[in-house]
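Enquirer: Structure incoming, see below.
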Amino acid sequence: MRCRAAVVCLTVLLLLVGGCKPQPATLILASTTSTADTGLLDVINAAFEEEYPQYRVKTIAVGTGEALKMGERKEADVVLVHARAAEDVFVAAGYGFDRRDVMYNDFVLVGPPTDPAGTRGLAPRAALAAIAGEATFVSRGDRSGTHQKELALWAEAGVSPAGAWYLETGQGMGSTLLIASEKQAYTLADRGTFLATANLDLVVLVEKYAALLNFYGVIQVTGAADAAGAEAYCDFITSPQGQAIINEFGVDRYGQPLFFPNAR
Amino acid sequence: MDLLVDGFRQAVLLIVTRDPEVAGITLLTLRVSGTATLFALALGLPVGLALGLRQFPGRNLLLGLVNTGMGLPPVVVGLFVALLLWRTGPLGSLGLMYSPPAMILAQFVIAFPIIAGLTAAAMQQLDPRIRLQSLALGASGSQALWTMLGEARLPLLAAVMAGFGGALSEVGAVMIVGGNLKGLTRVLTTATVMEVRMGRFETAIALGLILLGLSFAVNLLLTMLQQGGTGRWSLRPLQ
Amino acid sequence: MEPAAIAVKDVEHRYGAKLAVQIPYLAVPRGGTVTLLGPNGSGKSTLLRIMALLELPGRGQVAFSGELPATPGQRLAQRRSMTMVFQDPLLFAGTVYRNVAYGLRLRGLPAAEVAGRVERSLAMLGIADLKHRPATALSGGEAQKVALARCLAVEPEVLFLDEPTTHLDAPAKQAFLSDLGGLLERLGLTAVFVTHDQSEARSLGGRIAVLEGGYLRQEGPAEQVLRRPASLSLAGFLGAQCAGRGRVVSATCVAVNGITLALEPVRERSGLVDIILRSEDVLLHRGDEAGDGMNSFRGKVTAVALEGQLYRVTLAGPLTVSAYLTAHVVRAWSLTVGDKLTASFYPDALHLLPCEETA
């Protein structure tokens, strides 16, 4: 009796699974919160799915570190991240291949309009050195690409960030910006999320330095569940069509693009 | 599977080595949820008693509100508390946003209706003649009330446990009003969410286990109080 | 004259618009017992709670030994000299000891005295062995005894009993009432006993107050109220029967369906009357001889019905009466419907209620 029930269950399961076949294959894209939060990936994915109706893209937005980890575990087919050194290690270890440049955005040092530490117009290093110990700085503290960029800048400035003035949120860029705004503190943000986050009482104080540029790369995961799909996605995002979408994204809302395409 | 085993191993390690950061997070969690529950009890008990024992105009409306409040989504609570405490909000001048008091306030709002609602239900289930019998044996008004609380101590302690559980386990509200600031407002639930987001599942599992253990320890203590005199693992029977 | 232990004056209480009770005057003598008898909803429990200061009447006052407690402190002190047993034992969580000690601890008595009084109180009811039992592990009869012991432990001056036997089975009920009667006498307690059962009403003696629809219908010594109901409807409720309708022919006799019955000579009635008689006052026998000075008539058995442990036998003749016989007698006589028996009763058992002349 129990045996028969099991057989019936299995049959039903198989039918259900079988019934799913004609639907598009799911392609998992591991990316960073900074790209997902701006809405850029929604636009790109929609265009991709229109071009390749056999695929459906599912974006998992996490930090760069975790996105690469997902690649290691083959839980993602494609990773789109922004931490060049870590990406090279990832490819060198054989977890992924065919890294391609996609775009870059820039980081900005934002802070209260009153700018108590007097950072306006300073170079990134000098600005951070001025903040250290003098004003509150809110860090994402989540090992994300932005966090790693920030830590690298602190190292260049010769400051080890710790103390009551240095707050770690462990949260995404949006939440961290809100907390910085609320605390009237400084933080390092990507321009895209900064522009996309509403209700902030913060202004850009330091920007447009080479040290603040942030390059995004796309990598196919070795042994991805759907290698063809992964390649198609990488091709699409670096194609003239994909690059054009990146170049136009955000202009209507913010009057300037949030990302700059740089695929070769 | 390895992840799970590693998680348990790390949990044990973090606990036996008394990792200072984890210990700080645990203590803050207890402090915030415990204080919120105490405040919720201090207000919820009298409100629940009034709702359960007295008739007054607007009672049904209030009872309906309290019962609705028992299922308040923590994120909504977090949002409204944030709107209050926001720098530009009505209570902004207090500067409480992203501080433990803000988290206590949010968890209080979550735990208060739970405690008030369950207290009201507990008192309504009580035979009203218990009060008469108590008075008839010479109790003053407050002695009779105390007797009724004693008679309802099982559901009342269940109310406290539910309130504490609601405060301890919620993450939405403390994330919003606390901000998960390291060393300041990071509690077990928000730290767990953060560790999961960062892919550090071992630490997340460890924090989750500590949270479970904490919840279990507190509820075990309350259960022993509650079941006083009826079980083997219990306190002295009432004499 | 010593003022009554409790005197209810002009009390009226309503729940919403509905009248619960309206009592012009009712007194409970010190050391005496008053039974409040009435059907459900007659207001007797409300009256009891008002007397016990558990409820404030909408109007009127209750005096205790002539005093009116005015301040909350005075009311609490007065309340602490009285106590009440309810329909249900209403025991608190914990042991029997904790329950019996409850009232004593409320009064802040030292532990040693509490222990002594609990012992004495339990011993008085013969339940000392239950002391450490959880209150939840008692039979109905035991629980009600514990409830009584809990009340007696506080050594009250007045004991209120609100239908304390309702949920007891017949033997437990008998045992409880006889224990209670003995204790009231021994301790000289003033008691107010509420019941809806007329057969229980005389078990504690004293006085009976009959309530109906919130009004006090009759009040007096127990025997007098039961044998001399003030109206036909009260007679039915009090368990007395209307044996027939007759005409008073002189101060000492009444004629009914061709026979003449002797009356207590003190009675002065005239005209048409209903004749009220209680079953307990009627003697049935087989011969036709009557006892000295007794009225008697011969009639036919119309019903033999077992009622509790006795048979109620109904006899129809010039009067219709019923009386109780033991099973032994019914068997010895091989009594069946249609048999002829003689009923006899003393003149003082007769109670006459005048009725309207009708065509």
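Each protein sequence line maps, in turn, to chains H, W and V. Take the first sequence: its letter number 256 is residue 256 in my numbering, and every next letter is one higher. Plus 264 on top of the position in the second sequence (first one is 1) and you've got my numbering. Plus 503 on top of the position in the third sequence (first one is 1) and you've got my numbering. Backbone N, C-alpha and C define an ideal beta-carbon position, used for all residues, glycine too.
Out of curiosity, what's the CA-to-CA distance linking L680 of chain V and D700 of chain V?
Expert: Within the third sequence, residue 680 of chain V is the residue found at index 177, counting from 1. Within the third sequence, residue 700 of chain V is the residue found at index 197, counting from 1. Straight-line Cα distance between these residues: approximately 13 Å.
Enquirer: Three or more C-beta pairs closer than 8 Å, one from the region 566-574 of chain V and one from the region 631-643 of chain V: is that the case here?
Expert: The region 566-574 of chain V, when compared against the region 631-643 of chain V, does not touch it at the 8 Å Cβ threshold.
Enquirer: With distances taken Cα to Cα, identify the nearest neighbour of L775 of chain V among V:R750, V:L786, V:V757.
Expert: Residue numbering aside, residue 775 of chain V sits at position 272 when the third sequence is read from its first letter. It is V:R750.
Enquirer: Taking the alpha-carbon positions, what's the G255 of chain H to T332 of chain W distance?
Expert: On the first sequence, residue 255 of chain H is found 255 positions in, with the first residue counted as 1. On the second sequence, residue 332 of chain W is found 68 positions in, with the first residue counted as 1. Looking at the two C-alpha atoms, the distance is approximately 45 Å.
Enquirer: Output the distance between the C-alpha atoms of I440 of chain W and L40 of chain H, rounded to the nearest integer angstrom.
Expert: Here the question's residue 440 of chain W lines up with position 176 in the second sequence. Here the question's residue 40 of chain H lines up with position 40 in the first sequence. Approximately 25 Å, taken between the alpha carbons.
Enquirer: For chain W, is any of its Cβ atoms less than 8 Å away from the one on T456 of chain V?
Expert: Given a span of 504 to 862 for chain V in the structure shown, any question on residue 456 of chain V remains unanswerable.
Enquirer: Across which residues does DSSP place S799 of chain V in a beta bridge pair?
Expert: Residue mapping note: residue 799 of chain V aligns to position 296 of the third sequence, counting from 1. Answer by DSSP bridge pairing, in chain order: V:S847.
Enquirer: So which of H:V78, H:T32, H:G65, H:K58 has the shortest CA-CA distance to E231 of chain H?
Expert: The residue you call residue 231 of chain H lines up with position 231 of the first sequence. Of the listed residues, the one whose Cα sits closest to E231 of chain H is H:V78.
Enquirer: Against chain W, which members of the region 696-708 of chain V pass a CB distance test of less than 7 Å?
Expert: Result list empty, no residue passes.
Enquirer: Taking one C-beta from the region 160-174 of chain H and one from the region 103-115 of chain H each time, how about it: are there three or more such pairs within less than 8 Å?
Expert: Cβ pair count under 8 Å is below three, so no.
Enquirer: Would T383 of chain W count as contacting chain V if we go by Cβ distances under 8 Å?
Expert: Counted from its first residue, the second sequence places residue 383 of chain W at position 119. Answer no: the Cβ-Cβ gap between T383 of chain W and chain V never drops below 8 Å.
Enquirer: State yes or no: is the beta carbon of A523 of chain V nearer than 8 Å to at least one beta carbon in chain W?
Expert: By one-based count along the third sequence, residue 523 of chain V stands at place 20. Taking Cβ atoms only, chain W never reaches closer than 8 Å to A523 of chain V, which makes this a no.
Enquirer: Check distances from the C-beta atoms of the region 801-824 of chain V to those of chain W and list, in chain order, the residues that come in under 9 Å.
Expert: Those residues of the region 801-824 of chain V that come within reach of chain W (Cβ to Cβ, closer than 9 Å) do not exist; the list is empty.
Enquirer: Can you round the beta-carbon distance between T536 of chain V and L707 of chain V to whole angstroms, since I take them to be within the 8 Å contact cut?
Expert: As a first step, residue 536 of chain V is located in the third sequence; it is residue number 33 there, counting from the start. As a first step, residue 707 of chain V is located in the third sequence; it is residue number 204 there, counting from the start. Yes, they are in contact, since the Cβ atoms of T536 of chain V and L707 of chain V sit about 5 Å apart, within 8 Å.
Enquirer: Is the Cβ of L268 of chain W closer than 8 Å to any Cβ of chain H?
Expert: Looking up residue 268 of chain W in the second sequence gives position 4. Chain H, which has no Cβ nearer than 8 Å to the Cβ of L268 of chain W, makes this no.
Enquirer: Whose Cβ in chain H lies nearer than 8 Å to the Cβ of W505 of chain W?
Expert: In the structure as shown, chain W begins at 265 and stops at 503. Residue 505 of chain W is therefore absent and cannot be evaluated.
Enquirer: Less than 7 Å between C-beta atoms, sequence neighbours within five positions excluded: which residues of the same chain meet that for A403 of chain W?
Expert: For the purposes of this step, residue 403 of chain W is taken as the residue at position 139 of the second sequence. Once the five neighbours on either side are set aside, the close Cβ partners of A403 of chain W are T411.
Enquirer: What does M473 of chain V reach in chain W if we use C-beta pairs closer than 7 Å?
Expert: In this structure chain V extends from 504 to 862, so residue 473 of chain V is not present and cannot be described.
Enquirer: What are the boundary residues of the alpha helix (DSSP H) that A85 of chain H is part of?
Expert: For this step, residue 85 of chain H is matched to residue 85 along the first sequence. Here the alpha helix (DSSP H) through A85 of chain H covers 84-92.
Enquirer: Less than 8 Å between the CB atoms is what I'm expecting for L737 of chain V and R720 of chain V, so what's the real figure, rounded?
Expert: As a first step, residue 737 of chain V must be located in the third sequence, where it is residue number 234. As a first step, residue 720 of chain V must be located in the third sequence, where it is residue number 217. Yes, they are in contact, since the Cβ atoms of L737 of chain V and R720 of chain V sit about 6 Å apart, within 8 Å.
Enquirer: Please determine, among W:G429, W:L313, W:V457, W:V438, the residue with the shortest C-alpha to C-alpha distance to N483 of chain W.
Expert: Along the second sequence, read from residue 1 onward, the residue named residue 483 of chain W stands at position 219. Nearest of W:G429, W:L313, W:V457, W:V438 to N483 of chain W, Cα basis: W:G429.
Enquirer: Determine, for N444 of chain W, whether the minimum Cβ-Cβ distance to residues of chain H falls below 8 Å.
Expert: For this step, residue 444 of chain W is matched to residue 180 along the second sequence. Judged by the 8 Å Cβ criterion, N444 of chain W is in contact with chain H.
Enquirer: Do you know how far the Cα of L305 of chain W is from the Cα of D527 of chain W?
Expert: For chain W, the structure presents residues 265 to 503; residue 527 of chain W sits outside this window and is missing.
Enquirer: Counting contacts by CB-CB distance shorter than 8 Å, is Y718 of chain V in contact with chain W?
Expert: Within the third sequence, residue 718 of chain V is the residue found at index 215, counting from 1. No, its Cβ sits nowhere closer than 8 Å to a Cβ of chain W.
Enquirer: For S753 of chain V, does the three-state DSSP call read helix, strand or coil?
Expert: In the third sequence, counting from the first residue as 1, residue 753 of chain V sits at position 250. In the structure shown, S753 of chain V sits in coil (DSSP, three-state: anything other than H, G, I, E or B).
Enquirer: Give the interface partners of R143 of chain H over in chain W, defined as CB-CB distance under 8 Å, in chain order.
Expert: What you label residue 143 of chain H is simply residue 143 of the first sequence in a count that begins at 1. Per Cβ cutoff of 8 Å: M462.
Enquirer: Per DSSP, what are the beta-bridge partners of R517 of chain V in this structure?
Expert: The residue you call residue 517 of chain V lines up with position 14 of the third sequence. Per DSSP, V:L522.
Enquirer: Is it right to say S160 of chain H is buried, meaning 16 or more other beta carbons lie within 10 angstroms of its own, or is it exposed?
Expert: Here residue 160 of chain H corresponds to residue number 160 of the first sequence, with the count starting at 1. Exposed, because fewer than 16 other Cβ atoms sit within 10 Å of the Cβ of S160 of chain H.
Enquirer: Helix, strand or coil for G734 of chain V? Go by DSSP, reduced to three states.
Expert: Working through the third sequence from its first residue, we reach residue 734 of chain V at position 231. Inspection of the sequence shows that residue 734 of chain V is occupied by Ser rather than by Gly. S734 of chain V falls in the coil class under three-state DSSP.
Enquirer: Can you give the Cα-Cα distance for H788 of chain V and L809 of chain V, rounded to whole angstroms?
Expert: As a first step, residue 788 of chain V is located in the third sequence; it is residue number 285 there, counting from the start. As a first step, residue 809 of chain V is located in the third sequence; it is residue number 306 there, counting from the start. C-alpha separation (whole angstroms): 18 Å.
Enquirer: Do G606 of chain V and L401 of chain W come within 8 Å of each other at the CB atom, strictly closer than that value?
Expert: Here the question's residue 401 of chain W lines up with position 137 in the second sequence. Here the question's residue 606 of chain V lines up with position 103 in the third sequence. Taking 8 Å as the Cβ cut-off, L401 of chain W and G606 of chain V qualify as a contacting pair.
Enquirer: What did DSSP end up calling M439 of chain W once you bin it into helix, strand or coil?
Expert: Translated into positions along the second sequence, residue 439 of chain W becomes position 175. If DSSP states are grouped into helix, strand and coil, M439 of chain W belongs with the helices.
Enquirer: Taking the Cβ atom as the reference point for each residue, do V206 of chain H and A157 of chain H lie within a distance shorter than 8 Å?
Expert: Here residue 206 of chain H refers to the residue found at position 206 of the first sequence. Here residue 157 of chain H refers to the residue found at position 157 of the first sequence. No; because the gap between Cβ atoms is not below 8 Å, this pair is not in contact.
Enquirer: Using 10 angstroms around the beta-carbon of F480 of chain W, count the other beta-carbons present and answer buried if the total reaches 16, otherwise exposed.
Expert: Taking the first residue of the second sequence as position 1, residue 480 of chain W is located at position 216. When all chains shown are included, F480 of chain W counts as exposed.
Enquirer: Between the C-alpha atoms of Y718 of chain V and T698 of chain V, what's the straight-line distance to the nearest angstrom?
Expert: If you number the third sequence from 1, residue 718 of chain V lands on position 215. If you number the third sequence from 1, residue 698 of chain V lands on position 195. Distance between the alpha carbons of Y718 of chain V and T698 of chain V is about 16 Å.
Enquirer: Looking at L212 of chain H and D101 of chain H, is the spacing between their C-beta atoms short of 8 Å?
Expert: In the first sequence, counting from the first residue as 1, residue 101 of chain H sits at position 101. In the first sequence, counting from the first residue as 1, residue 212 of chain H sits at position 212. No.
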